[in-house]
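Protein chains in written order, with numbering that gives the first Met the number 0: chain A, 0 to 798; chain B, 0 to 219.
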Amino acid sequence: MFKNYLKIAWRNLWNNKGYTAINVGGLAMGMAVTLIIGLWIQDELSHNNYFSKKEKIAQVFQSQTFNGNTSTGPAIPRPLEKALRDGYADNFKHLVMSSWNISRYLKYKGKSISQTGNFMQREAPEMLNLKILKGEKDGLRELNSVMLSESVAHALFGAEEPIGKTLQVNNQYDVMVTAVYEDIPFNNSFHDAEFLMSWDKMIATQEWMKNAEDQWGNNSFQMFVEITNNTTMDRVTKAILNVKKNLNEDTAEYNPQIFLFPMKDWYLRGNFENGKQSGGRIKYVWLFGIIGVFVLLLACINFMNLSTARSEKRAKEVGIRKSIGSRRNQLINQFLSESFIVVLFAFVVAIVIVLLCLNGFNDLSKKEISFPWENGIFWLSSLVFIVFTALVSGSYPALYLSSFKPVDVLKGTFKAGKYAGLPRKILVVLQFTVSVAFIIGTIIVMQQINHAKNRPIGYNKEGLIQIPTFSQDFEGKYDLMRSEFLSTNAVIEMSASSSPTTEIWSNRSGFDWEGKPEGFQEDLAWTDVTPEYAKSLGMKIVEGRDFSREFASDSNAVLLNRTAVKYMGIKDPVGKFLRDDNDDGGEPPLKIIGVVEDMITQSPYEPVKQGIYVFDKHGNSSFYNLRLNPNQSASQNIAIIEGVFKEHFPDLPFEYDFVDSEYGAKFASEERIGTLSGIFTALAILISCLGLFGLTSFVAEQRTKEIGVRKVLGATVFNVWGMLSKDFLKLVIISCFIAIPIAYYVMNGWLQDYPYHMLLEWWIFALAVFGAMMVTVITVSFQAIKAANSNPVKSLRTE
Amino acid sequence: MLLQLNNIFKWVNSGGQRVFLLKDINLTVEEGEFISVMGPSGSGKSTLLNVIGMLDNFDEGKYCFMDEPVHTLKEKHRANLYKQYIGFVFQSYHLLDDLTVQENLEMPLLYKKVRNSERKSLVADTLDRFNLVGKKDLFPTQLSGGQQQLVGVARALISSPKLILADEPTGNLNSKQGEEIMELFKQLNEDGVTIIQVTHSEKNATFGSRIINLLDGRKL
Chain A
0 MFKNYLKIAW RNLWNNKGYT AINVGGLAMG MAVTLIIGLW IQDELSHNNY FSKKEKIAQV
60 FQSQTFNGNT STGPAIPRPL EKALRDGYAD NFKHLVMSSW NISRYLKYKG KSISQTGNFM
120 QREAPEMLNL KILKGEKDGL RELNSVMLSE SVAHALFGAE EPIGKTLQVN NQYDVMVTAV
180 YEDIPFNNSF HDAEFLMSWD KMIATQEWMK NAEDQWGNNS FQMFVEITNN TTMDRVTKAI
240 LNVKKNLNED TAEYNPQIFL FPMKDWYLRG NFENGKQSGG RIKYVWLFGI IGVFVLLLAC
300 INFMNLSTAR SEKRAKEVGI RKSIGSRRNQ LINQFLSESF IVVLFAFVVA IVIVLLCLNG
360 FNDLSKKEIS FPWENGIFWL SSLVFIVFTA LVSGSYPALY LSSFKPVDVL KGTFKAGKYA
420 GLPRKILVVL QFTVSVAFII GTIIVMQQIN HAKNRPIGYN KEGLIQIPTF SQDFEGKYDL
480 MRSEFLSTNA VIEMSASSSP TTEIWSNRSG FDWEGKPEGF QEDLAWTDVT PEYAKSLGMK
540 IVEGRDFSRE FASDSNAVLL NRTAVKYMGI KDPVGKFLRD DNDDGGEPPL KIIGVVEDMI
600 TQSPYEPVKQ GIYVFDKHGN SSFYNLRLNP NQSASQNIAI IEGVFKEHFP DLPFEYDFVD
660 SEYGAKFASE ERIGTLSGIF TALAILISCL GLFGLTSFVA EQRTKEIGVR KVLGATVFNV
720 WGMLSKDFLK LVIISCFIAI PIAYYVMNGW LQDYPYHMLL EWWIFALAVF GAMMVTVITV
780 SFQAIKAANS NPVKSLRTE
Chain B
0 MLLQLNNIFK WVNSGGQRVF LLKDINLTVE EGEFISVMGP SGSGKSTLLN VIGMLDNFDE
60 GKYCFMDEPV HTLKEKHRAN LYKQYIGFVF QSYHLLDDLT VQENLEMPLL YKKVRNSERK
120 SLVADTLDRF NLVGKKDLFP TQLSGGQQQL VGVARALISS PKLILADEPT GNLNSKQGEE
180 IMELFKQLNE DGVTIIQVTH SEKNATFGSR IINLLDGRKL
């Protein structure tokens, strides 16, 4: 019997190729979108699965409260290590201190490359369970050792045996390669740890780190732990929550809370708001999941609508089958097998579409998703997916078609009743509601990105490059390099700073100033800069003056940004003094010489943080900022700069970043979401239109006789076109009325996540409505005009 | 006695008025009869046939088919009953266009859940009996009207029904084809199948053993 169902289904589809193409095409598109989104979600959820002890690993986080604002982050002070090892050791299987992911020059036989990696304690490879390809897992045992990722080992040594070879780090010290580990795959934390070196080595080579050993206020380090099997994250957190507060009085006023942030939450639930975990990327997993379900639903609706619209054609068959003894459930089975075949077929096409699009999608979404050919779970869930889609799309037509009474349809008097079209209309409304809501959502995402992009940033990011100067080689060379660069015609101004233009690397508290409110706990973004900083960046001085090399006293001068003045509550700031409580009193106070325009250093969606720019008298710079000559091309400028650079630092690779592209990267995440939702919206509309197109062709066919009669009575083509379009337009307008409040509600909620956000204006909704109506009219017109142009004699004769 | 209709009424409400399609029909059909139902258009011939075939309901009266009171049966039982005992032949053949001749014949057996081997042999026998072997793989649209009706009759007969209901079986055929079909019916009747046909043609009516005349839903 089943074979028979399949045979009939197959012939039916084959004999109605146009209909089948629309059905399979629409479904395939919908399924492809759902599959791609499914793969994307799977990738998001499988983040950090490379680490076999994912469930047991955590990073130690700290929350501190300044003036009632709780900020949470991974930065912890060094003494915390001793405190946890001494008092809570039995909670941890491993406890690993780590640096940030930092850049180092690795040199071997005159070949120098710049790589990022971590300085970690000895147990790191064991905790992360790195796959050792060569050498030993306990590779950080010795002070002067380095473990390399496979790709870096290859880049440095090629075919040569790396183990036992000596590398020079930053032209400063030598380390020996003890192990090569498999590259950590892209969708995992630590995937940019291209080398691991000893934590103790870092301490030994950096004075400030040695000093930090007992500084509870110096939150500059990371700590990772693996908890023992007999405890839980919550239990450990409860135990260590107040460890810092109890041990250190000085920082207790900020109420430091120490807690474990489990590895399984790092990627998807990494946001904290006032000390509480508050979601993160997981919201996009949900968002795209919902989009996927809706797009599939749209495609299923097409299937339902087209099947039932064809009901008059299939009615006869139902009648015959019933009269020769078919039961209703047998007919239901038959129609379901038919939809099963269509869905199966669409699935195959969808797989092809996915294979064709996967590369492009990976580029867009910044992923490295590959098609899971060998994954049994994928195929199993695909099967469930197919059956589910077949049931959803096939059940309504099956129930509807199988309900016909044989005597009605065989007499030839069968006419779908007055309300037979109603469910179909409801489904079309549903489709367009989803589409219109998608359109509105996409416009708002795009607009919000534009809104943030057009925000004044407080400096001129065009034609500005930054060169990292982490290497020891740069020490004391700033003045020389500045005059060298300026003597070329490639650079018109240059400065150095302790953090990149687009980021804040240091926050400080513990200042005193005239009129400081009692108990005020300030938190300032701190940047050490050379005197030309404001000039080279093109920052505007709004009050007072810039640094000047003319005044020797400027070595103790600072600039504040506008927000800082407001934040600190200083009236007439210029000429006032700031005392740094962190000093022992040996340093003179800092003199405020000017106020600069706010400059966006963090998220373009956040308010600018109160910042202080301090004359860099200790040589703390980490970046050179070069303003390029605008009168010649960037590539010419870069070539000249590289020449000068190589002259002075022949061993170092020439690295630089354009500040505008660094700034642009801040939009990457939102832009990806904008692009993806744009694509999915376009597909949703396309699928809806495909269904509408099919539906109009059936309606036009059904009304052939009516159209013929009307034309004989004198209706023009335009009349007929209007008559056919009006019905569908009505449905779309109803959809708009449903979609607008929903979209408004959802998107308003989305915008609230961004403190700097656009206002929802009426034209966005009007545009979406207009767009949807245009699309409808165009789609319907294809068929309507064809029907209106047909010769009435023909259509009336066939009666 | 094969079936018996007692005081059958069927009506529709149209514009507040009750329009009778069948009015007080009483009819007894014995096994082996060949009845022709005649009457002008709209006199209720097809309706009567559909009522007898249980495809259509009636509003009043009693209907017994092989001692089963049809009027009290549930839809499902009724379907089982006609599936087993009744074969239909239609004026416009009503073959399934997507199926070949052979598959059209097989269809009722599939619905009756006849086993595969038995089905195959029944289909082969029937093809043989109606001289359709050479056309078994053709689709209905590739056949002439007479051939299509032949398939229709063959399909009605394949599950060996006791009763054949034919609604103007020759209405769409030319006179020669029509005559062949009527000859076939006569032959079947002689083999013991009960037949009720609706016809406009006096000539065709003469093939039967009894004629029932209808006018405005009444038996004359």
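For glycine and all other residues, C-beta sits at the position ideal for the given N, C-alpha and C.
Chain order gives no chain A residues near B:Ala123, where near means a beta carbon separation below 7 Å; the closest approach is about 17 Å. For the beta strand (DSSP E) assignment, the uninterrupted runs of no fewer than 3 residues enclosed by the region 238-268 of chain A are, from N- to C-terminal side, 256-261.
Of all C-beta pairs linking the region 648-661 of chain A to the region 562-571 of chain A, fewer than three are shorter than 8 Å, placing the two stretches out of contact.
Any Cβ of chain B closer than 8 Å to the Cβ of A:Asn332 would place that residue at the interface, and such an atom is absent. No Cβ of chain A is located within less than 8 Å of the beta carbon of B:Asp58.
Under the three-pair Cβ rule at 8 Å, the region 428-439 of chain A counts as touching the region 721-740 of chain A. Counting every other CB atom within 10 Å of its CB across the protein chains shown gives A:Gly574 a total below 16, marking it as exposed. Under the Cβ criterion (8 Å, minimum of three pairs), the region 216-235 of chain A counts as touching the region 89-109 of chain A. Sequence-distant partners of A:Phe260 (beyond 5 residues in either direction) whose C-beta falls short of 7 Å from its own C-beta, in its chain, are Ala57, Gln58 and Phe60. Excluding residues up to 5 positions away in sequence, Met201 and Ile202 lie with their Cβ nearer than 7 Å to the Cβ of A:Met208 in the same chain.
For B:Tyr84, none of the residues of chain A pass the 9 Å Cβ criterion, the least Cβ distance being about 11 Å.
In terms of CA proximity to B:Phe129, B:Leu187 leads the group B:Leu187, B:Asn6, B:Phe206 and B:Lys218.
When C-beta distances to chain A are compared with 7 Å, the residues of the region 107-121 of chain B below that value are Pro107, Leu109, Tyr110 and Lys111, in chain order. Listed by position along chain B, the residues whose Cβ is nearer than 8 Å to that of A:Arg309 form an empty set, because the closest Cβ is around 13 Å away.
Residues are counted here when their Cβ sits less than 8 Å from a Cβ of chain A; for the region 30-56 of chain B these are Ser45, Asn49, Gly52, Leu54 and Asp55, given in chain order. Assignment of beta strand (DSSP E) within the region 0-81 of chain A, counting only whole runs of 3 or more residues, yields 56-65 and 68-72 in chain order. In this structure, B:His76 lies away from B:Gly151, with their beta-carbon atoms at least 8 Å apart. With respect to A:Phe653, A:Asp580 sits apart: the two C-beta atoms are not nearer than 8 Å.
Under the Cβ distance rule, A:Ile678 does not count among the residues neighbouring chain B, no pair being separated by less than 8 Å. Excluding its 5 nearest sequence neighbours in each direction, A:Val428 has C-beta neighbours in its own chain below 6 Å: Leu730, Ile733 and Ser734, listed in chain order. Within 8 Å of the CB of B:His93, the CB atoms of chain A belong to Lys315, Gly318, Ile319, Ser322 and Leu409, in sequence order along the chain. Pairing A:Leu536 with A:Asn459 gives a Cβ-Cβ distance under 8 Å.
Interface annotation, A:Asn15: not in contact with chain B, CB-CB separation never under 8 Å.
In the three-state reduction of the DSSP assignment, A:Asp752 falls in the coil class, being assigned neither a helical nor a strand state. Taking the beta carbon of A:Ile7 as reference, the chain B residues within 8 Å of it are Leu95, Asp97 and Leu98, listed in sequence order. Taking A:Gly67 as reference, the option from A:Lys133, A:Asn254, A:Arg320 and A:Asp650 with the minimal CA-CA separation is A:Asn254. In this structure, A:Leu694 lies away from A:Ala389, with their beta-carbon atoms at least 8 Å apart. With respect to B:Val18, B:Val28 sits apart: the two C-beta atoms are not nearer than 8 Å.
If you draw a 10 Å sphere on the C-beta of A:Glu337, you find 16 or more other C-beta atoms in it, and that means buried. Only residues of its own chain outside the window of five on either side were considered, and among them Leu4, Val69 and His70 have a CB closer than 6 Å to the CB of B:Tyr62, listed in chain order. Distance from A:Gly291 to A:Ile686 at the Cβ level is roughly 13 Å; contact not present, criterion being Cβ atoms closer than 8 Å.
Within the DSSP secondary-structure output, B:Glu179 pairs in no beta bridge.
In this structure, B:Ala153 lies near B:Leu131, with their beta-carbon atoms less than 8 Å apart. Under the DSSP assignment, A:Ile352 falls in the alpha helix (DSSP H) whose first and last residues are Arg327 to Ser364. DSSP, reduced to helix, strand and coil, places A:Ala771 within a helical segment of the structure shown.
Within the region 128-185 of chain B, the complete alpha helix (DSSP H) segments at least 4 residues long are 144-156, listed from N- to C-terminus.
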